Structure formats: C-alpha cells, structure tokens
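Single-structure report; data block below.
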Amino acid sequence: MIELRHLHYFIAVAEELHFSRAAQRLHISQPPLSQQIRGLEDELGVKLFERTKRQVQLTEAGKVFLERSYLVLAQLEQAIEATQRIGRGEVGRLAIGFVGSATYTVLPDILSVFREQFPAVELRLHELTTQEQIQALHHKQVDVGIVRSAIIEPGLSTECILQESLVLALPETHPFSAQTKVSLSTLASESFILFPAKMGPIFYEQIINICQQAGFRPKVAQEAVQMQTIIGLVAAGLGIAFVPASLQNFHRSGVIYRPLQEQTPKTGLYLAWRQHDSSPVIRAFLSLAQKTTQWESNRDDT
0 MIELRHLHYF
10 IAVAEELHFS
20 RAAQRLHISQ
30 PPLSQQIRGL
40 EDELGVKLFE
50 RTKRQVQLTE
60 AGKVFLERSY
70 LVLAQLEQAI
80 EATQRIGRGE
90 VGRLAIGFVG
100 SATYTVLPDI
110 LSVFREQFPA
120 VELRLHELTT
130 QEQIQALHHK
140 QVDVGIVRSA
150 IIEPGLSTEC
160 ILQESLVLAL
170 PETHPFSAQT
180 KVSLSTLASE
190 SFILFPAKMG
200 PIFYEQIINI
210 CQQAGFRPKV
220 AQEAVQMQTI
230 IGLVAAGLGI
240 AFVPASLQNF
250 HRSGVIYRPL
260 QEQTPKTGLY
270 LAWRQHDSSP
280 VIRAFLSLAQ
290 KTTQWESNRD
300 DT
C-alpha cells in the first residue's frame, strides 16, 4: 500500500536525481531510501527511475507520477488548512440575534472586529426581543444572542458584557427639560411609554420596581416593542420613558434625555448561547465579543 511517506521519498529523489543527496535531505540513510523506492515501483508495477552508475533519470511514467504527487500533496495541504480554519472558527455561518438597543452600544464594535478577524464567516443578523431570542436559541434559529437581561433557562448560558444606567427620555417641550437631573418623586402623574411585560419581563419589572420605590406605579399610556419606537412616541408627545443610557446615541428631533437624580439599578446587555453547542465559530464569536467589550469597558474607565 502506498503511504504518504512514499510520495515524500519519491519527490526528494525526483528533484535531486541523486539517491545520496535525497537521503541527506530526508535525514535517512541511502539503503532504506533505495529500498522504499523499489517497493513503490513494485506496488505501482512500473519503473519510476532509470538508474545507471553515473546518473538517475525519471522515466516517462515517473514524470507523470511526479506531477500527480505534487497535486496530491497540494490537495492534502489545502484539506489540512481548511480543516484547521474550521476548527479555529474561521469559516462557517453565524446567526446572531440582538435587541435593537445593542446597535447603539456593543454590537457595531463586536461586528467590526469579528469581520476583520474572521472575514470568511457569513454573518446573519436578526433583530429580536429578548424573549424572541430565547425561543430562537432553543430552536437553533440563531446561534448567539445579545439580550437585555440575564436568562435563567435550561440549556442556555448568559454573560454580562455591558452595564449601563437608565435615563429619562422626554419630549423637548416637557417642563422637566429645563432640569439637569430629574427626581423620580416628580414623575407620579406622568404618562409612561413602556416595553411590554410579555416581551421583556425582567426589564419591565425593573422599571415598575423603580417607580414603586419612589411611591407610585407608572401610568402606562402606550407600549412599544422596539426602543426606537419608544423614542418616536416620546417625540410625538405621548409620554415619557425610561431607556438605557446608550439610547442617547440615537438622535431624534423632539426628544431630550435627562439623568435621574436618584441612584437606580443598572440595566445590562448579555451574551446568550446554548450551553452544549461546541461550534468553533460560536466559541470564536463569544471569545471575541467578551474581549472587545472588556477592552471598551477598560477604555471608558480610564
């Protein structure tokens, strides 16, 4: 049976046309090399070399076998490289779910760095609520998610990549627009635009608890699924809204943002993935996302 080492032996002799030099190149002695070449010729049933005391020449069959041997080794190298790239997560497809607010914070940086380092990975982006991403992860419709709260779900894992304060989004004509900070205690009579409880129960409960600690339950004028829609409804004067501080990067005429006077719990963005999914592409994305957001956090702290 012809083995890979036989090809290396044959190519060395074919290129050197000298058994002693070929043996030195291969770091073996000449007799075993000569024996291996004779065994290869016996296996093929043809002579690959014409040998005389003065020279070694390739036969016509040997010339053809040399060309094909080069092709075999080149294809093998390509197969090895492709396999290693897949193993490193450099090739494949990745479906990413994300909440809309992530586009104003971590998502652009993560995608930019990932695209630079893994250009051969095909990315498919899906803007989904946290609850929709949970279902999409379970049904393998997305591979990783960027969600608005920590997920406690069988089979899923999360890791926080951003913590940010809540701010108040107000119509620019609102009386509170003249204040540098707004106290929660002054909001009891205001109409609120909230994220639906069924779409983001943790974020919804966080806002309800903040208001209750200030002594009131928010009066809900309207609900909206997307943060951009919430900001649009604020601009239309339908109410005010608690939003993550990063939404201030979303510039919309008719809306101003004000920090809260009281300390309130922060809201987070989390990576989410299936616990037992061993895909190299997913592992590469998670590792890069964690490093990218950690670097951004350290830069902000300085």
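Residue numbers (numbering that gives the first Met the number 0): 0 to 301.
Glycine residues also receive a C-beta, built at the ideal position from the N, C-alpha and C atoms.
Please read all numbers here as calculations on a predicted model, not as lab measurements.
Element boundaries [alpha helix (DSSP H), containing residue i]
i                 : result
histidine 137     : 129–137
alanine 283       : 279–300
isoleucine 201    : 200–212
phenylalanine 113 : 105–116
Sub-8 Å separation of residue i and residue j beta-carbons
i                 : j                : result
glutamine 247     : serine 182       : no
valine 254        : alanine 168      : yes
leucine 39        : isoleucine 85    : no
alanine 283       : phenylalanine 64 : no
glutamine 130     : glycine 267      : no
serine 100        : proline 243      : yes
leucine 155       : alanine 271      : yes
isoleucine 192    : glycine 238      : yes
threonine 128     : serine 245       : no
leucine 25        : valine 55        : no
threonine 263     : aspartate 108    : no
isoleucine 27     : serine 68        : no
leucine 57        : leucine 72       : no
alanine 223       : serine 184       : no
glutamine 132     : valine 146       : yes
arginine 273      : leucine 75       : no
phenylalanine 215 : alanine 187      : yes
Interface flag, residue i vs chain B, CB-CB below 8 Å
i           : result
proline 118 : Any reference to chain B falls outside this structure, which holds one protein chain only.
Reduced DSSP category for residue i - H, G, I as helix; E, B as strand; rest coil
i             : result
glutamate 152 : coil
lysine 218    : strand
valine 12     : helix
threonine 27  : Note that residue 27 corresponds to isoleucine in the displayed sequence, not to threonine. Isoleucine 27: coil per DSSP, three-state reduction.
proline 264   : coil
glutamine 35  : helix
glycine 61    : helix
arginine 4    : helix
glycine 253   : coil
proline 195   : coil
glutamate 40  : helix
glutamate 126 : strand
leucine 237   : coil
valine 242    : strand
serine 182    : coil
glutamate 189 : coil
arginine 273  : strand
valine 120    : strand
valine 71     : helix
glutamine 140 : coil
N- and C-terminal bounds of the beta strand (DSSP E) containing residue i
i             : result
glutamate 49  : 48–50
alanine 234   : Run containing alanine 234: none in the beta strand (DSSP E); it sits in the alpha helix (DSSP H), 226–234.
proline 170   : 165–170
isoleucine 95 : 91–97
valine 146    : 143–146
proline 174   : That residue, proline 174, is in no beta strand (DSSP E); it is neither H nor E in DSSP.
Whole-angstrom C-beta distance between residue j and residue i, which should lie under 8 Å
i                 : j              : result
glutamine 29      : tyrosine 8     : Not really, about 12 Å apart at Cβ, beyond 8 Å.
leucine 6         : alanine 21     : Actually they are not in contact, since the Cβ atoms of leucine 6 and alanine 21 sit about 13 Å apart, beyond 8 Å.
phenylalanine 175 : arginine 251   : Incorrect: roughly 17 Å between the Cβ atoms, too far for contact.
glycine 44        : alanine 13     : Not confirmed; about 18 Å, so no contact.
serine 148        : isoleucine 209 : The Cβ separation is near 15 Å, so there is no contact.
phenylalanine 113 : leucine 287    : 5 Å
So, do the segment 133–147 and the segment 272–283 have three or more beta carbon pairs nearer to each other than 8 Å? yes
Specify whether the segment 94–113 and the segment 208–222 touch according to this definition: at least 3 beta carbon pairs, one from each stretch, less than 8 Å apart. no
Would you call the segment 194–204 and the segment 159–175 in contact, with 3 or more CB pairs under 8 Å? no
Pairs of beta-carbons, one from the segment 153–161 and one from the segment 221–238, closer than 8 Å: are there three or more? no
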